[in-house]
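Participant:
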Amino acid sequence: MTWFTADRLRLLVPALSLAVLLAAVFWVQPRAMSYTGLNLLFNLAVPIALATIAQMLIMTVNDLDLSMGTFVSFVACVTATFLQSNPVVGVLILVGCVGVYVVLGMVIYLRNLPSIVVTLGMSFVWGGLAVLLLPAPGGVAPDWIRAVMVSKPPLVPMAIIASVLIAAVAHWIVIRSAFGVVIRGVGGNERSVTRAGWSVLRARAAAYALAAVFAVLAGMCLVGLTTSADANIALRYTLLSIAGVILGGGEFVGGRVSPIGAVIGALTLTLAASFLSFLKISPDWQIGAQGAILIIVLALRLVLNRREGGAGK
Amino acid sequence: MKHFVVMTGLTVLLTSTALAETSAKRIALSNNYAGNSWRQAMLQSWETITKPAVEAGIVAAADAFTTAENQATEQAAQIQNMILEGYDAIVVNAASPTALNGAVKEACDAGITVVSFDGIVTEPCAWRIAVDFKQMGKDQLTYLAEKLPEGGKLLEIRGLAGVFVDDEISAGIHEGVAENPQFEIVGSVHGDWAQDVAQKAVAGILPSLPEDIVGVVTQGGDGYGAAQAFAAAGRDMPLIIMGNRQDELAWWKEQKDANGYETMSVSIAPGVSTLAFWVAQQILDGQDVPKELVVPFLRIDQDGLEASLETTPAGGVANVEYSLEDAQAVIAAAK
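Heads up: the protein sequence lines correspond to chains A and B, in order. Oh and the first sequence: position 210 is 576 in the working numbering, straight run, nothing missing. Oh and the second sequence: position 36 is 384 in the working numbering, straight run, nothing missing.
Printed below as a string of structure tokens:
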């Protein structure tokens, strides 16, 4: 049962850091300790959590998506324009986007291309399309998305329910389902997956498709929160999503990921920014301080992992 | 005498009630970017005006926040944090006119007054202190028509292609030309609001232009570069409209002293943040303030050149801080 401990440990550090940070925020700003407070703290983390899961799926097969931010921005622009005015066309475009991701996943594998280069190139494509679609910021969020994002369910705020839901669904897909085992296998040991009779091509295409679906959801949620779009609305998501995966216990290679951890990582990143702003730290120091929080969490994880490794021997 | 005492007593009472309205109120500035001289001056002005205001008890707090990265999502989070911190008013220079609307709506729903300026937001519940860039372009032609009644050929220096501000100022200039048909724009280049780019662009187009250029219409940050290009080509110096940058004013002063060169300079003062502060204070005070307000331009004419140049730091922009009375005048003008 050693794998269970490793898995739990992987989650322990991010969960603990989120708890500590949350306690600190409550201490600095007691007003946050309420239904509205929690919602305000975490609602913008929902699209980040979705983008983080998307990035995590790509990282599961040992790739990296540097176009995540521009892709989410593009989806946001589609959502605020076509999906609102002409839902059929909007849905078709979004389905087409998923298709593009499938092709990307296959091309990267078949031609043995570095995913970083391909997705970096795609980031300019998505960015350009977003500007073509919305040369000036604007558009309107479809009412139903807006209604979902500002809904006020009883007892627990929307942001928390959404985060738990995202974590649960992603956990089920990646950790519990047979498909999840295969894509993690592709990341861990591609050859053994092939030998076991699975198609790596198909697994990678599916992983990319699923990632695109989560990224599309991220863009839609974001527009639901902001009410309208902007071609540069989500540029930060590229790095935030990668940081979220790593913070949540994932690794760049080997198919070692944790969906629950990734969601926690996204929440932690959002919370860290709010915490620093509550402390009234000067903006010149905020990026540095945010980096420091990241490094502390990662260092903590490394120390714990080492200890666990030592105990195993 | 008794009358006088009663009167003063009454005034004191009146002013103190006016103060009491906002003395417990807290105002926050949400700023998305601080990476250029204009924004630095803007933050500096905010500090200069709000500090005494807080000390005098006009408001309880006026804290300035700048996001670490110039991103709309980050600023939206910043505004939501301000809601949590319980500010009564949020003054915002927005990263995007639309992407903050959700957060601004949250703030309005929480009963917070939101005043946007410079980078305005489109959410209807917020107040907007906008810049009439079109008018800024048109004013240049009005000035030229006064100075050069016989008209002539003009060179237009535009800003950064594809940016809304560039389109607006240029549209204003062309509207002005249409109203003053004695003028004709014979050339147009993009100076990107930067002296070095403008200098290169003007130097590039000059050989193809006729000798008798009488004026250069600009967008700010490009006048000095244009002057350098004309000087280098050995051409007669036309009337170049300036944009309140220190290097432009310094060059103008040099020319004025040497040969009585005359022009004018126009731009938006970074101190517009203080105007937004007073507008927010007035709204909190219960005054009836229209949702759409217009920023007055900061215009420097021949007589005011020395005074403006003196107060403008090297590498900076001419600035002015607004008072409560200025804000009331702007509000009255909008009604």
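Virtual Cβ for every residue (Gly too), placed ideally from N, Cα, C.
Near I679/B, which residues of its chain fall below 8 Å by C-beta distance, leaving aside the five closest residues on each side in sequence?
Facilitator: Only V627, Q630, Q635, V637, P638, L641 meet the Cβ criterion.
Participant: Leaving out five residues on either side along the sequence, give the residues of the same chain with a beta carbon under 6 Å from the beta carbon of R667/A.
Facilitator: Excluding residues within five positions, the ones whose Cβ falls inside 6 Å are V379.
Participant: Determine the extent of the alpha helix (DSSP H) in which A496/A is found, giving its start and end residues.
Facilitator: A496/A -> alpha helix (DSSP H) spans 481-499.
Participant: For a contact meaning CB atoms closer than 9 Å, what does R644/A contact in chain B?
Facilitator: Just to set this straight, residue 644/A is Phe in the shown sequence, not Arg. Going along chain B in sequence order, the residues near F644/A (Cβ under 9 Å) are N429, L432, E433.
Participant: Measure how close the beta-carbons of A595/A and C443/A come, nearest whole angstrom, since I'm counting them as under 8 Å.
Facilitator: Correct: roughly 5 Å between the Cβ atoms.
Participant: Report the rounded CA-to-CA distance for I533/B versus A584/A, giving the unit in angstroms.
Facilitator: Near 48 Å, if we compare the C-alpha coordinates of A584/A and I533/B.
Participant: Just to confirm the assignment, what range does the beta strand (DSSP E) spanning R506/B have?
Facilitator: Where R506/B is concerned, the enclosing beta strand (DSSP E) stretches over 500-506.
Participant: Using a Cβ-Cβ cut-off of 8 Å, state whether D596/A counts as contacting chain B.
Facilitator: It does; some Cβ of chain B falls within 8 Å.
Participant: Candidates A573/A, A572/A, G620/A, V663/A: which alpha carbon is nearest A638/A's?
Facilitator: Nearest of A573/A, A572/A, G620/A, V663/A to A638/A, Cα basis: V663/A.
Participant: Who are the near neighbours of A675/B in its chain, counting only those whose CB is closer than 7 Å to its CB and skipping five residues on each side?
Facilitator: Cβ within range, chain order: L623, W626, V627, Q630.
Participant: If you run the structure through DSSP and keep just helix, strand and coil, what is G569/B?
Facilitator: The answer is coil: DSSP assigns G569/B none of H, G, I, E or B.
Participant: For D483/B, tell me which candidate among E516/B, G499/B, D457/B has the shortest Cα-Cα distance.
Facilitator: The question names Asp, yet the displayed sequence has Gln at residue 483/B. Here the closest residue by C-alpha is E516/B.
Participant: What does the Cβ neighbour count give for T418/A, buried or exposed, with the cut at 16 atoms within 10 Å?
Facilitator: It is buried - the Cβ of T418/A has at least 16 other Cβ atoms within 10 Å.
Participant: Please state the DSSP three-state secondary structure of R476/B.
Facilitator: Residue state, collapsed to three classes: strand.
Participant: Please identify the residue among V566/A, G494/A, V547/A, M524/A whose C-alpha is closest to the C-alpha of N478/A.
Facilitator: That would be V566/A, whose Cα lies nearest to the Cα of N478/A.
Participant: Looking only at DSSP bridge pairs, what is N441/B linked to?
Facilitator: Paired residues: N379/B.
Participant: Quick one, which residues of the region 443-454 of chain B are near chain A if we go by CB-CB under 8 Å, in chain order?
Facilitator: For the region 443-454 of chain B, which is checked against every Cβ of chain A, the residues closer than 8 Å are S444, P445, T446, A447, L448, N449, G450, A451, K453, E454.
Participant: At 4 residues or longer, and completely inside the region 584-666 of chain A: list those alpha helix (DSSP H) runs for me, N to C.
Facilitator: List check, alpha helix (DSSP H) in window: 603-613, 625-644.
Participant: Below 8 Å on the Cβ atoms is my guess for L632/B versus T370/B; work out the distance and round it to an integer in Å.
Facilitator: Right, the Cβ-Cβ distance comes to about 5 Å (below 8 Å), so this counts as a contact.
Participant: Hey, L642/A and L410/A: beta-carbon distance below 8 Å or not?
Facilitator: The answer is no: Cβ separation not under 8 Å.
Participant: Which same chain residues end up closer than 6 Å to V438/A when comparing Cβ atoms and leaving out the 5 residues on each side of it in sequence?
Facilitator: Excluding positions up to five away in sequence, the list reads A417, A581, A584, G585, A600, Y603.
Participant: Alpha carbon to alpha carbon, how far is N671/A from G664/B?
Facilitator: The alpha-carbon atoms of N671/A and G664/B are separated by roughly 53 Å.
Participant: If you drop the 5 nearest sequence neighbours on each side, which residues of the same chain put their C-beta closer than 6 Å to that of Y572/B?
Facilitator: The answer, listed in chain order, is Q543, D595, E596, W599.
Participant: Whole-angstrom Cβ separation of F607/B and L646/B, contact assumed at under 8 Å?
Facilitator: Inspection of the sequence shows that residue 607/B is occupied by Asn rather than by Phe. 26 Å between Cβ atoms; not a contact.
Participant: Determine the chain A residues that contact Q419/B at a beta-carbon separation under 8 Å, and present them in chain order.
Facilitator: The contacting residues are N598, L601, R602.
Participant: Would you kindly work out how many angstroms separate the C-alpha atoms of P649/A and A425/B, rounded to a whole number?
Facilitator: Cα to Cα, P649/A sits roughly 14 Å from A425/B.
Participant: Taking 8 Å as the CB-CB cut-off, is A638/A touching chain B?
Facilitator: So no, A638/A is outside the interface.
Participant: Once you ignore the five residues that flank T415/B on each side, which residues in its own chain have a CB closer than 6 Å to its CB?
Facilitator: If we look at T415/B and ignore the five residues flanking it on each side, its Cβ neighbours are N380, E422, Q423, Q426.
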